[in-house]
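Participant:
Number of protein chains: 2
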Amino acid sequence: MKYIIIGAVAGGASTAARLRRLDEHAEIVIFEKGQYISYANCGLPYYIGNVIKDRNKLFVQTATSFAARFNVDVRVSTEVTAINPSVKTVSAINLLTGEEYTESYDKLVLSPGASPIRPALPGIQIEGIFTVRNVGDTDYIKGYVTESKPQKAVVIGAGFIGLEMAENLHELGLEVSVVEMGNQILAPVDLPIAAIAQKHLREKGIQLHLNTAVTGFEKEDDHLKVQLQDKAALDADLVILSIGVRPDTKLAENAGLKIGQAKGIWVNEYLQTSDPDIYAVGDAIEYANPISGQPTITFLAGPANKQGRICANNLAFGNNQKYNGSINTAIVKLFDLTVGAAGMAVKHLERNKIPHLTATIHGNSHAGYYPGAQLMTIQIAFSPENGQLLSAQVIGGEGVDKRLDVLSSVIKNKGTIYDLIEFEQAYAPPFSSAKDPVNMVGFVSENILLGGLKVIECSKLDSVEANAALIDVRTPTEFAGGTIEGAVNIPLDEIRNRLTEVPTDKPLHIFCQQGMRGYLAQRILVQSGFRNVTNLSGGYLLWKTYKDEMEQAEAEVL
Amino acid sequence: MKYIIIGAVAGGASTAARLRRLDEHAEIVIFEKGQYISYANCGLPYYIGNVIKDRNKLFVQTATSFAARFNVDVRVSTEVTAINPSVKTVSAINLLTGEEYTESYDKLVLSPGASPIRPALPGIQIEGIFTVRNVGDTDYIKGYVTESKPQKAVVIGAGFIGLEMAENLHELGLEVSVVEMGNQILAPVDLPIAAIAQKHLREKGIQLHLNTAVTGFEKEDDHLKVQLQDKAALDADLVILSIGVRPDTKLAENAGLKIGQAKGIWVNEYLQTSDPDIYAVGDAIEYANPISGQPTITFLAGPANKQGRICANNLAFGNNQKYNGSINTAIVKLFDLTVGAAGMAVKHLERNKIPHLTATIHGNSHAGYYPGAQLMTIQIAFSPENGQLLSAQVIGGEGVDKRLDVLSSVIKNKGTIYDLIEFEQAYAPPFSSAKDPVNMVGFVSENILLGGLKVIECSKLDSVEANAALIDVRTPTEFAGGTIEGAVNIPLDEIRNRLTEVPTDKPLHIFCQQGMRGYLAQRILVQSGFRNVTNLSGGYLLWKTYKDEMEQAEAEVL
Ligand SMILES: Cc1cc2nc3c(=O)[nH]c(=O)nc-3n(C[C@H](O)[C@H](O)[C@H](O)COP(=O)(O)OP(=O)(O)OC[C@H]3O[C@@H](n4cnc5c(N)ncnc54)[C@H](O)[C@@H]3O)c2cc1C
Ligand SMILES: Cc1cc2nc3c(=O)[nH]c(=O)nc-3n(C[C@H](O)[C@H](O)[C@H](O)COP(=O)(O)OP(=O)(O)OC[C@H]3O[C@@H](n4cnc5c(N)ncnc54)[C@H](O)[C@@H]3O)c2cc1C
Ligand SMILES: CC(C)(COP(=O)(O)OP(=O)(O)OC[C@H]1O[C@@H](n2cnc3c(N)ncnc32)[C@H](O)[C@@H]1OP(=O)(O)O)[C@@H](O)C(=O)NCCC(=O)NCCS
Ligand SMILES: CC(C)(COP(=O)(O)OP(=O)(O)OC[C@H]1O[C@@H](n2cnc3c(N)ncnc32)[C@H](O)[C@@H]1OP(=O)(O)O)[C@@H](O)C(=O)NCCC(=O)NCCS
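Line by line, the protein sequences give chains F and U.
Residue numbering for the first sequence is 1 to 558, as defined by UniProt numbering.
Residue numbering for the second sequence is 1 to 558, as defined by UniProt numbering.
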């Protein structure tokens, strides 16, 4: 059996390695147009930022070591230029020698990845405007930074990679501005969560320009001008373009393979393309999203690696293992914060008309009485029918990745909020609390689902009925330190004795700092005859950050 | 409705709080024989060790604050001395005034917890021999440490609490010995994992005495002598007795409630005792272990808190929520290490004759190319029939709690090793790898389950066939640095060219440092015609630690 694999990084190299383990005697040829294989794409921003100091660390394997270990014919600097499915060959060119040739296969695997989008804006070709995808790009940026000693950087696009670049350039001492066309950073998360991250970035000295479109670039003296729609241009010595990637489907398209609705290479559940002898994995493919059922592309290394393993299994044993799709679990470190998401954001659930409820809590990374606990915020969405978990977003310091991983595992397994309630966290004071934040968001969700808790989202508070009453149930000191306009203060621990002060003729909106005391107040009020009582989800804490950021973003539109 | 709750800490206070939220108008009385309610038992060792500096932090609620918030009648320093189920009253005594009275209930909840075992050894009453269960004990120890300035401590019992005490006393500057009757520390984990922890404790300067029984205590001059069976006595200024706890069932027993096989208060799946008006939660109850089906008692705060919530639901709504039992997920910090477990240890699976396979891997806490990655070891056990996950044990530095939580969640939900394979970890370089250790242990397990990998446990290597050949597939440098006696060295990357050197007439045992290269070598050998090939599970790394610790423990027997 002779296998050809195109692309020798996350998806391709993983396929080749597993294939060799399953079949010691197969012939395996892997083509890579770049100079390097098996490199750590995900580490590139950190190498630029000098967090990873040794360039060699970026290479998990080299062509030589991989060939030695796996007895694979590794052809670097060799681009596959065409696939000829009818005769089962590929055409390749050695980019160093110019030599062109064809190579035959029994089975072919495509893992060509994706390419950064480079829009045809005026001036886009000016030196100093970079994308970050591979080692070549990285060496180029690193060299530029070392030699030209840029002072000001503009990052265009506030996705995961853009923000990693912003942080790393900032840590190198550059003045960094981030320009984003949307009204928030980090498109995969919802606005209240993004707002927390935005606030943190601003505090760290990153200049955020939301609701802002780049219209072009100009060279002025020794620096660049980044032109903005309706706004003054930004000066830059260095521009990072990270507005997204597009699956690399050219080869597949030219070979007549089916391209799907999301513009990725279409594959069936066995990762097989429309040609039964050709499989595909990684950033280039699309499959049905397990939550929405819609065609989706995932640009993540974990799924690419896992698909590689499944693909190899299906090649070696015949189609015997299904790929069940990715829930797009992703995470990013932003200075002292960590933010991540899994499943479908609430805005996407709304767009897809998928019924859902949401719950938001704040919780400590570990027991509050043990030193160093840090507050995190968790938002989940779940089905109003059966409590199935649809998404999770977590932001905070220590322990965010842990909660996200647990939530991701439950989403993946089609679990429910009851699994969060029953979840047995490993608890000792340095690690968790007797009720972990994961349990807590489960409790709150159950209360919402069963009607024991009625919540109002911070994004909806502005549009509440004009005659509603706002009650701040925090302490007088907290109230004095800032509250929501129009709120009256009745501290939770006094409410049972001050029920006569609560208006009986209006809808009531209760809030506290984080949400829990508001819930307790609501329980008392509802059981004391007040009917129309809602609790502000995530409390004053979330509302305040959200509100401030909305105002900031609005100011930027003007 | 009038509820009485006995015990006002983890289980009792949680029940009371939830009950009030569900029923604003019920009468709730809670009895606590101690001076304090709602305290952080789990923080006590860290308060003694000065990690938690402010004593007030130990109190999540006080009697006053709890009463104010939840409108609960909190009676501290009041012991319930009898329950009279026929007339539905309890007898109580105010320990400060001596006043005795009875109080009637409609429904009663028992959460009396457990008591430390204090065996009737000669000299056990001598001053300076402490148990650690509540705030009183803690104040007593803390006072003793501050005033008597002890130099030497002996901790008896190497369970979670004993070892937390050992660490905290060591951090205070005491010379600490730990005496343990068993042949390992941390009974809930298996020996190879315990061995790693033992090595670490020894390196930190804790003196471990395994296989060692304490026979009594004597006072000599100004210090204690801890007498040992067949060994020289140990000097101590302070002794911590932490050989386990016993459920507090006296009240229940005297009231005629059913006591179960494990000697806990018997409850049904709704946490109801044999008397339908009496419920019980926490350390005092027993229920069917979800893995073995056997009656089990769990001494953990998370389950106690969760049972409290379920119990309140069942009281308020009628039995509508089941408690599904605990998988005993537990964790402990030991200096720079973290070790934890969930589900049934392999030794207990063996004892219960539950069929199982095991897999052990080592993995990085996050991407190896990003600074600060720390190695952890994961051992799981799973069903040979369907891959259901039965237990997990994790030891290492950073990120151990995260992996254990994910594994715990899968065990709890009766998931399989395929859920580990599909698990979508939140991956960016500071948090994980493209293949997380959780995925990795899933892959390895699948290989074992499907026969692609045959392993031998480090505990079994000594008893292999006399004629077996041992092959070390690490590099010559690694081989030279120490190997297993009798092994020959054929490095993995040379093995395809040196097949003629591999004996054809013997069983082959392959090993490398961590297990992965051994697996690769095995795949090559098996597909080259060698039939009887096994790979050392966990590699030389695990074997060496295990072996060293076994020798050390044996030496201690002599
Ligand atoms: C800067 C950066 C940071 C990232 N950070 C993260 C992260 O933190 N977490 C995460 O999960 N993911 C991250 N990713 C995404 C992750 O790296 C990708 O999802 C993953 O590498 C996709 O694997 P792949 O095999 O599909 O494509 P790639 O890994 O990109 O490999 C495709 C390879 O195919 C080669 N190729 C393409 N066409 C041809 C051809 N015709 N002939 C020969 N060779 C060809 C390309 O040169 C390329 O090397 C990051 C990506 C980047 C760029
Ligand atoms: C030092 C220490 C460290 C621990 N560390 C951890 C950890 O890291 N993680 C973890 O999960 N668990 C830990 N635990 C265990 C955890 O604290 C218990 O599992 C949990 O507190 C059990 O809850 P409970 O309500 O059953 O009992 P308790 O919390 O012990 O409460 C029982 C209460 O009932 C009172 N009582 C008993 N009888 C009567 C009576 N007749 N009348 C009136 N009152 C009565 C007692 O005074 C006691 O205050 C630790 C325990 C200790 C002692
Ligand atoms: C380097 C690379 C080729 C490795 O592929 P790989 O060999 O499949 O992956 P790993 O090195 O992680 O090894 C995993 C294998 O070792 C096995 N293994 C791991 N630990 C083991 C142990 N202790 N005992 C036995 N087997 C073990 C696993 O079971 C798995 O084998 P399987 O797939 O046959 O079940 C590929 O992952 C790669 O190119 N990575 C870099 C590119 C990349 O991912 N970039 C994006 C992220 S930055
Ligand atoms: C202090 C104590 C009485 C608290 O009991 P509790 O009120 O049930 O628990 P918490 O304070 O954690 O609050 C949990 C409640 O707040 C709700 N909540 C939490 N965050 C919320 C938010 N943001 N919005 C709305 N509700 C929220 C939860 O849903 C839950 O209510 P529910 O059970 O009705 O669903 C009890 O846990 C205790 O005594 N603890 C200390 C003793 C102990 O556990 N020791 C051993 C460990 S060291």
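From the three backbone atoms N, C-alpha and C, an ideal C-beta is built for every residue, glycine too.
For residue 559 of chain F, verify whether its CB is less than 6 Å away from any heavy atom of ligand 2.
Facilitator: For residue 559 of chain F there is no data in the structure shown, the boundaries of chain F being 1 and 558.
Participant: Check whether the segment 282-294 of chain F touches the segment 383-393 of chain U, counting contact only when three or more Cβ pairs, one atom from each stretch, lie closer than 8 Å.
Facilitator: Cβ pair count under 8 Å is below three, so no.
Participant: Which runs of the beta strand (DSSP E) at least 3 residues long sit entirely within the segment 12-91 of chain U? Give them in chain order.
Facilitator: Qualifying beta strand (DSSP E) stretches, in chain order: 27-31, 73-75 and 78-84.
Participant: Please name the residue, chosen from F/LEU234, F/ALA373 and F/GLN184, that lies closest to F/LYS347 on a Cα-to-Cα basis.
Facilitator: The residue with the shortest Cα to Cα distance from F/LYS347 is F/GLN184.
Participant: Return the chain-ordered list of same chain residues with a C-beta closer than 6 Å to the C-beta of U/ILE278, the five sequence neighbours on each side being excluded.
Facilitator: Within the same chain, U/ILE278 has close Cβ partners LEU108.
Participant: Alpha helix (DSSP H) containing F/SER408: first to last residue?
Facilitator: Unbroken alpha helix (DSSP H) run through F/SER408: 400-412.
Participant: Quick one: using the 10 Å Cβ neighbour count with 16 as the cut-off for buried, is F/ASN535 buried or exposed?
Facilitator: Under this definition F/ASN535 is a buried residue.
Participant: How many angstroms separate the CA atom of F/PHE130 from the CA atom of U/GLY363?
Facilitator: Cα to Cα, F/PHE130 sits roughly 35 Å from U/GLY363.
Participant: Could you say which of U/ASN254, U/THR249, U/GLU180 and U/ILE240 lies nearest to U/LEU228 if we only look at CA atoms?
Facilitator: Comparing Cα positions, the closest option is U/GLU180.
Participant: Pull up the DSSP beta-bridge partners for U/TYR140, would you.
Facilitator: Paired residues: none, contrary to the question.
Participant: Can we count F/MET165 as close to ligand 3, meaning its CB is less than 6 Å from some heavy atom?
Facilitator: No - ligand 3 has no heavy atom lying nearer than 6 Å to the Cβ of F/MET165.
Participant: Considering only C-alpha positions, which residue in the set F/ASN497, F/ALA316 and F/ILE327 is nearest to F/PRO303?
Facilitator: Among F/ASN497, F/ALA316 and F/ILE327, the Cα nearest to that of F/PRO303 belongs to F/ILE327.
Participant: What are the partner residues of U/PHE299, as DSSP defines its beta bridges?
Facilitator: Per DSSP, none; premise fails for U/PHE299.
Participant: Return yes when the Cβ of F/GLN425 is within less than 7 Å of the Cβ of F/GLU398, no when it is not.
Facilitator: No, they are not a contact pair.
Participant: Taking the alpha helix (DSSP H) that F/THR329 belongs to, which residues open and close that run?
Facilitator: Looking at the DSSP string, F/THR329 is not in any alpha helix (DSSP H), and its letter there is neither H nor E.
Participant: Along chain U, in chain order, which residues have C-beta atoms closer than 7 Å to that of F/ILE524?
Facilitator: Within 7 Å Cβ-Cβ: GLU24.
Participant: Tell me the DSSP secondary structure of F/ALA232 in three-state form.
Facilitator: Correct three-state label for F/ALA232: strand.
Participant: Pick from U/ASN56, U/LEU241 and U/GLU24: whose alpha carbon is nearest that of U/VAL72?
Facilitator: When only C-alpha atoms are compared, the closest one is U/GLU24.
Participant: Please look up how many angstroms separate the CB atoms of U/ILE490 and U/GLU478, rounded, as I've assumed it's under 8 Å.
Facilitator: Not quite, the Cβ-Cβ distance comes to about 12 Å (not below 8 Å), so this is no contact.
Participant: At least one CB of chain F closer than 7 Å to the CB of U/ASP493: is that the case?
Facilitator: Yes, U/ASP493 counts as interfacial toward chain F.
Participant: Could you check if U/TYR427 belongs to the surroundings of ligand 1, using beta carbon to heavy atom distance under 6 Å?
Facilitator: Yes; taking the cut-off as 6 Å, the Cβ of U/TYR427 has a heavy atom of ligand 1 nearer than that.
Participant: What first and last residue would you give for the beta strand (DSSP E) that runs through residue 563 of chain U?
Facilitator: This structure leaves residue 563 of chain U out entirely; chain U is present only between 1 and 558.
Participant: Apply the 10 Å Cβ neighbour rule to F/LEU96 and answer buried if 16 or more other Cβ atoms are within range, or exposed otherwise.
Facilitator: It counts as exposed.
Participant: Compute the minimum distance between the beta carbon of F/ARG133 and the heavy atoms of ligand 1, and state whether it is under 6 Å.
Facilitator: Correct: F/ARG133 has its Cβ closer than 6 Å to ligand 1.
Participant: Assuming contact is defined by CB atoms lying nearer than 7 Å, are F/GLY368 and F/CYS458 in contact in what I supplied?
Facilitator: It is not a contact, given that the beta carbons lie outside the stated cut-off.
Participant: Can you tell me where the beta strand (DSSP E) with U/ASN364 in it begins and where it stops?
Facilitator: 357-364 is the extent of the beta strand (DSSP E) around U/ASN364.
Participant: Can you tell me whether F/PHE59 sits near ligand 3, meaning its C-beta is under 6 Å from at least one heavy atom of the ligand?
Facilitator: Checking the Cβ of F/PHE59 against ligand 3 gives no.
Participant: Determine the chain F residues that contact U/LEU520 at a beta-carbon separation under 8 Å, and present them in chain order.
Facilitator: Correct list: ARG21 and ARG69.
Participant: F/VAL178 lies in the alpha helix (DSSP H); which residues open and close that run?
Facilitator: Note, F/VAL178: premise wrong, no alpha helix (DSSP H); beta strand (DSSP E) at 175-179.
Participant: Does the Cβ-Cβ distance between U/ALA342 and U/THR329 come in under 7 Å?
Facilitator: Yes.
Participant: Taking the alpha helix (DSSP H) that U/ASP419 belongs to, which residues open and close that run?
Facilitator: Note, U/ASP419: alpha helix (DSSP H), 417-422.
Participant: Using the Cα positions of U/ALA480 and U/LEU492, report the straight-line distance between them to the nearest angstrom.
Facilitator: The straight-line gap from Cα to Cα measures roughly 15 Å.
Participant: Would the segment 414-422 of chain F count as touching the segment 282-290 of chain U if we require 3 or more Cβ pairs under 8 Å?
Facilitator: No: the two stretches stay apart, fewer than three of their Cβ pairs being nearer than 8 Å.
Participant: Closer than 9 Å, Cβ to any Cβ of chain U: which residues of the segment 169-199 of chain F, in chain order?
Facilitator: The residues in question: there are none.
Participant: When you compare the CB of F/PHE431 with every CB in chain U, is at least one pair closer than 7 Å?
Facilitator: It does: the Cβ of F/PHE431 has a partner Cβ on chain U nearer than 7 Å.
Participant: Looking only at C-alpha atoms, which of U/TYR105, U/ILE52, U/ASP190 and U/VAL90 sits nearest to U/ARG351?
Facilitator: Considering only alpha carbons, the answer is U/ASP190.
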